[in-house]
Amino acid sequence: MKEVPDIDLVTISDEGRLERENVPSVADPFCMMALGHAIRMKKDMGAHVTAVTMGPPHAEGMMRRCLEYGTDEAILLTDRAFAGADTLATARALGCFLKGQNYDYVFCGVQATDGDTGQVPPELSSILGIPIYSYVSDIDLTDGVRMTQMYEDECLVIDAPPKAVVSFIRYPETNIPLPSMTDFIDARKKDVTVMNAWMLGMPLNMIGSKGSRTRVTGIATVLKRKKEPVFIEGNDVNLAAKEILKEVGI
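If you use our numbering, the sequence shown corresponds to residues 1 to 250, in order.
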C-alpha cells in the first residue's frame, strides 16, 4: 500500500511542483485495486492477507483502514532513515520485509498517482527473484489462479502460479466494496505492527536518501504549443522533403 496526497485537491505551483501543504492523504487508488483483489481471494479461497506500507507515522491510519477492509495483518515500516527514498530504496525496504515472510503473491498497484514511475513492482520482482505479472485487471479463481493482463493493443489471459509479484491497473468505474460490519468490528481487536530499519536489519546506506540512486534536479510543466501549418507548393518531392526536414530540425 502507499499513502498519497488526494489527487483531486493537489495543485501545481508556477515552478511545476506538487503543492502538498494542507492536502489530506489517501490510499493510492491503484493500491486499493490490489487490496480489493486480495480481499476477494481471502473470501473465495481462505487466503491470509497482510497489508504493508513504507511511510511516515501518520500512515498508520491508512493501515488501520486496511484492517477494516478485511486484511488479517497490517505492517507499517516507518523510520526517519527511510526519508527521501527513491523507488529502488523503497523496494529494498519492502523486499527486506518480504524475504522474511511466507507468501504466495505480492499484490501492488501498477504505479502511484503521485509519482507515476511504475518502478517499484518490477524492482521488487528483481529483489525477491520471482516473476512479475503486470497490468493485471482481473483474477479468475474458478480453476486455479488465472489473471487477465490489459495492454494497449491486446488482452492476455494467463495461468499465474505462485510465487510472483502482481501489479494491478484500475478502472475509474470500479469500486472497492465497503467493509462489512463484522470486518469493521474485528479490526478494532487488531493492532498495526510498526517496524523500523533496525528491526528489518537494513544498513543505512541501502535505504532512504543515502540508498537512493536517483536525484530530482528539476521539475517543469510541459506546455503544448501549436504551430501554424506550412504549405509547400510544387511537384518537386525532393524539395518538399528538404523543407519538412528543416521544419522538424533535422
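The beta carbon of each residue, even a glycine, is placed where N, CA and C say it ideally should be. Keep in mind the model is a prediction, meaning the values are calculated, not measured.
Query                                                                                                  : Result
Alpha-carbon spacing of residue 2 relative to residue 227, whole angstroms                             : 41 Å
Strand pairing of residue 74, partner residues [DSSP]                                                  : 51
Reference residue 99; option with closest CA among 201, 60, 161                                        : 201
C-alpha distance - residue 144 paired with residue 182, whole-angstrom precision                       : 28 Å
Residues near residue 54 by beta carbon distance below 7 Å, same chain, minus five either side         : 77, 82, 90, 93, 94
Contacting residues, own chain, Cβ-Cβ under 6 Å from residue 206 (five flanking each side not counted) : 92
Residue span of the beta strand (DSSP E) that contains residue 4, given as start and end               : 3 to 5
Sub-7 Å separation of residue 147 and residue 158 beta-carbons                                         : yes
Range of the contiguous beta strand (DSSP E) that encloses residue 126                                 : Element bounds for residue 126: not the beta strand (DSSP E) but the alpha helix (DSSP H), 120 to 128.
Nearest-angstrom beta carbon gap, residue 52 and residue 25 [assumed within contact, 8 Å]              : Their Cβ separation, rounded to whole angstroms, is 17 Å, which puts residue 25 and residue 52 out of contact at 8 Å.
Bridge partner(s) assigned by DSSP for residue 90                                                      : Bridge partners of residue 90: none, in fact.
Selection from 211, 67, 142, 103 that minimises the alpha carbon distance to residue 179               : 67
8 Å contact criterion, which residue 167 and residue 134 should meet: CB distance rounded              : 5 Å
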